[in-house]
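Asks: At position 261 of the sequence shown the residue is numbered 261 (our numbering), and the sequence of numbers has no breaks.
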Amino acid sequence: MPETQTMIPRATPLTPRKKAILVGASGGIGTTLVYRLAREGYVLALVDRSEDKLKALCDEINQTYRETRAVPYEHDVTVYDRIPDLFRKVVADLGGLDLFVYVAGVIYFPAMDEFNFAEDYKMVEVNLLGAMAWMSQVAPVFQSMRGGQIVGVSSVAGDRGRVGNPGYNTSKAGFTCYLEALRNRLTRHGVNVITIKPGMVKTEMLNLPNAPKPTLAVTPEQAAEGIWKAIKKRKQVAYVSGLWRWVMLALTHVPSVIFRRLSF
Ligand SMILES: NC(=O)c1ccc[n+]([C@@H]2O[C@H](COP(=O)([O-])OP(=O)(O)OC[C@H]3O[C@@H](n4cnc5c(N)ncnc54)[C@H](OP(=O)(O)O)[C@@H]3O)[C@@H](O)[C@H]2O)c1
1 MPETQTMIPR ATPLTPRKKA ILVGASGGIG TTLVYRLARE GYVLALVDRS EDKLKALCDE
61 INQTYRETRA VPYEHDVTVY DRIPDLFRKV VADLGGLDLF VYVAGVIYFP AMDEFNFAED
121 YKMVEVNLLG AMAWMSQVAP VFQSMRGGQI VGVSSVAGDR GRVGNPGYNT SKAGFTCYLE
181 ALRNRLTRHG VNVITIKPGM VKTEMLNLPN APKPTLAVTP EQAAEGIWKA IKKRKQVAYV
241 SGLWRWVMLA LTHVPSVIFR RLSF
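Pasting the structure below:
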């Protein structure tokens with residue numbers, strides 16, 4: 001038996017353990033969600049591209065709970081070919097899977113008169129294609145299990161094409177649409193697919209060059225709490241901040257002819 005498998009505590013009738021994969025675990029929202037899920041008793045496979053950050057995070061969680069609750073898997077989501085084998089290994093190590101969360105993402109903020117295909121390409125690669133590559137592995141397993149939950153952290157940025165960041169808007173609009181399609185396919189098989197739209201969250205993303213001023217921004221802890229509530233309630237679409245739901249409801253109804261004149 002591989003070493004990781006022997007380290008992970010087995011579920012017993014008195015200590016049922018849910019198992020989760022979290023892709024994008026060492027970022028702002030990802031890390032706080034890892035802590036939240038560990039508190040709920042999940043055993044977690046943490047996937048991200050920085051081995052050192054993942055190891056430090058796993059060590060801290062495992063020391064807190066005095067058992068192996070988190071296992072690191074170094075992986076760059078744009079190396080799509082590696083995903084099928086890695087997914088099989090992780091599920092074997094965990095001894096099953098109940099929850100899959102994709103929170104990895106990148107953003108670049110172009111200047112208002114800049115068009116940068118290289119950066120747009122990177123955002124589509126990580127925010128959309130990486131998610132599709134992982135979820136193409138997860139979906140058939142959950143479909144045949146007739147259970148499981150898939151969570152995608154998308155964005156309100158995908159609700160409308162805005163002047164500020166066409167590439168990011170496109171990556172998130174594609175992701176939101178993909179998640180809706182998965183939900184429409186999988187709900188009939190007992191699988192819960194959740195789209196998270198966090199609004200603005202005070203993470204490193206908002207400190208990048210050209211980033212907009214935070215508006216109605218929440219902390220990563222509030223975001224993680226909102227995501228956990230959505231998981232617990234088996235929601236379909238969840239806005240972390242209720243205010244963003246109303247803002248976006250209004251904005252999606254603004255006619256194009258007017259929206260085009262706004263700088264939003
Ligand atoms: N912050 C916001 O205001 C906000 C609002 C709406 C939606 N979101 C979405 O929420 C998610 C998390 O964002 P965050 O604010 O927590 O940002 P963050 O702190 O930058 O976290 C992003 C995470 O994705 C990982 N990642 C990036 N590229 C990757 C790759 N190629 N392979 C594997 N992992 C990769 C990063 O790893 P590294 O540490 O190695 O870079 C990091 O762990 C993103 O999808 C973002 O679009 C954020």
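Glycine included, C-beta positions come from ideal geometry on N, C-alpha and C.
1. Could you check what DSSP says for Lys202 in three-state terms: helix, strand or coil?
2. Reducing DSSP to helix, strand and coil, say where Phe100 ends up.
3. What alpha helix (DSSP H) runs, 4 residues minimum, are completely inside the segment 144–212?
4. Can you list, in chain order, the stretches of the beta strand (DSSP E) that have 3 or more residues and sit fully within the segment 30–112?
5. To the nearest whole angstrom, what separates the beta carbons of Ala70 and Ala38, a pair I think is in contact under 8 Å?
6. Hey, how far is the Cα of Lys18 from the Cα of Val191?
7. Report back the beta-carbon spacing between Ile83 and Ala25 to the nearest angstrom; my notes put them in contact at under 8 Å.
8. I'd like to check one pair, Val77 with Gly158: are the Cβ atoms closer than 8 Å?
9. Whole angstroms are fine: how far does the CA of Leu54 sit from the CA of Tyr239?
10. Among Tyr80, Thr195, Ala92, whose alpha-carbon lies nearest the alpha-carbon of Gly136?
11. In its own chain, which residues sit with a C-beta less than 8 Å from the C-beta of Ala139, not counting the 5 before and 5 after it?
12. Kindly examine ligand 1 and report whether one of its heavy atoms sits closer than 7 Å to the Cβ of Ile227.
13. Near Gln143, which residues of its chain fall below 7 Å by C-beta distance, leaving aside the five closest residues on each side in sequence?
14. Tell me the DSSP secondary structure of Ile8 in three-state form.
15. Under three-state DSSP, which class holds Val254?
16. Check whether the Cβ of Val124 sits closer than 7 Å to any heavy atom of ligand 1, and report yes or no.
17. Whose C-beta lies closer than 7 Å to the C-beta of Thr215 among residues of the same chain, with five residues either side of it excluded?
18. DSSP three-state label for Val218, please.
19. Can you name the residues that DSSP bridges to Leu22?
20. Inspect the CB distances between the segment 253–263 and the segment 215–224 and report whether three or more fall short of 8 Å.
21. Would you call the CB atoms of Thr170 and Thr195 closer than 8 Å?
22. Apply the 10 Å Cβ neighbour rule to Asn165 and answer buried if 16 or more other Cβ atoms are within range, or exposed otherwise.
23. Should Arg66 be counted as a contact of ligand 1 given a C-beta to heavy atom distance under 7 Å?
Replies: So, from the listed chains and residues:
1. Looking up residue 202 in the sequence shown gives position 202. Here Lys202 sits in coil by DSSP.
2. Reading the sequence shown from its first residue, position 100 is the one you call residue 100. Phe100 falls in the strand class under three-state DSSP.
3. Here the runs fully enclosed are 166–186.
4. Secondary structure remark: continuous beta strand (DSSP E) runs of at least 3 residues inside the segment 30–112, in chain order: 43–48, 70–74, 99–102.
5. Here residue 70 is taken as the residue at index 70 of the sequence shown, counted from 1. Here residue 38 is taken as the residue at index 38 of the sequence shown, counted from 1. Confirmed, about 6 Å.
6. Against the sequence shown, residue 18 aligns to sequence position 18. Against the sequence shown, residue 191 aligns to sequence position 191. When the Cα atoms are used, Lys18 and Val191 turn out to be separated by approximately 15 Å.
7. Taking the sequence shown and counting its residues from 1, the one referred to as residue 83 is at position 83. Taking the sequence shown and counting its residues from 1, the one referred to as residue 25 is at position 25. Actually they do not touch by this definition, with Cβ atoms about 16 Å apart.
8. Taking the first residue of the sequence shown as 1, we reach residue 158 at position 158. Taking the first residue of the sequence shown as 1, we reach residue 77 at position 77. Cβ distance not < 8 Å, so Gly158 and Val77 don't count as in contact.
9. Sequence index remark: in the sequence shown, residue 239 carries index 239 (1-based). Sequence index remark: in the sequence shown, residue 54 carries index 54 (1-based). Approximately 27 Å between the Cα atoms of the pair.
10. Residue 136 sits at position 136 when you count from the first residue of the sequence shown. One point to set straight first is that residue 136 is Ser, not Gly, in the sequence displayed. When Tyr80, Thr195, Ala92 are compared, the shortest CA-CA separation from Ser136 is found for Tyr80.
11. Taking the first residue of the sequence shown as 1, we reach residue 139 at position 139. Once the five neighbours on either side are set aside, the close Cβ partners of Ala139 are Ile150, Leu182, Arg185, Leu186, Val191.
12. Walking along the sequence shown from the start, residue 227 turns up at place 227. No, the Cβ of Ile227 stays beyond 7 Å of every heavy atom of ligand 1.
13. Taking the sequence shown and counting its residues from 1, one reaches residue 143 at position 143. Annotation for Gln143: Leu186, His189, Val191 place their beta carbon closer than 7 Å to its own, counting only its chain and skipping 5 residues before and after.
14. Mapped onto the sequence shown, residue 8 falls at position 8. Three-state result, Ile8: coil.
15. By one-based count along the sequence shown, residue 254 stands at place 254. Reduced to three states, the DSSP call for Val254 is coil.
16. The residue labelled residue 124 in the question sits at position 124 within the sequence shown. With a cutoff of 7 Å, Val124 does not count as near ligand 1, since its C-beta is closer than that to no heavy atom of the ligand.
17. Translated into the one-based positions of the sequence shown, residue 215 becomes position 215. In the same chain as Thr215, and ignoring 5 residues on each side of it, the C-beta atoms closer than 7 Å to its own belong to Met200, in chain order.
18. The residue labelled residue 218 in the question sits at position 218 within the sequence shown. Of the three classes helix, strand and coil, the one that applies to Val218 here is strand, per DSSP.
19. In the sequence shown, the residue the question calls residue 22 occupies position 22. Leu22 pairs with Leu46, Val101.
20. The answer is no - the segment 215–224 does not touch the segment 253–263, with fewer than three Cβ pairs under 8 Å.
21. By 1-based counting over the sequence shown, the position of residue 170 is 170. By 1-based counting over the sequence shown, the position of residue 195 is 195. One thing to note: Thr170 has its Cβ no nearer than 8 Å to the Cβ of Thr195.
22. Taking the sequence shown and counting its residues from 1, one reaches residue 165 at position 165. Classification of Asn165: buried, given that the 10 Å Cβ count is 16 or more.
23. As a working note, residue 66 is residue 66 in the sequence shown. No heavy atom of ligand 1 is found nearer than 7 Å to the CB of Arg66.
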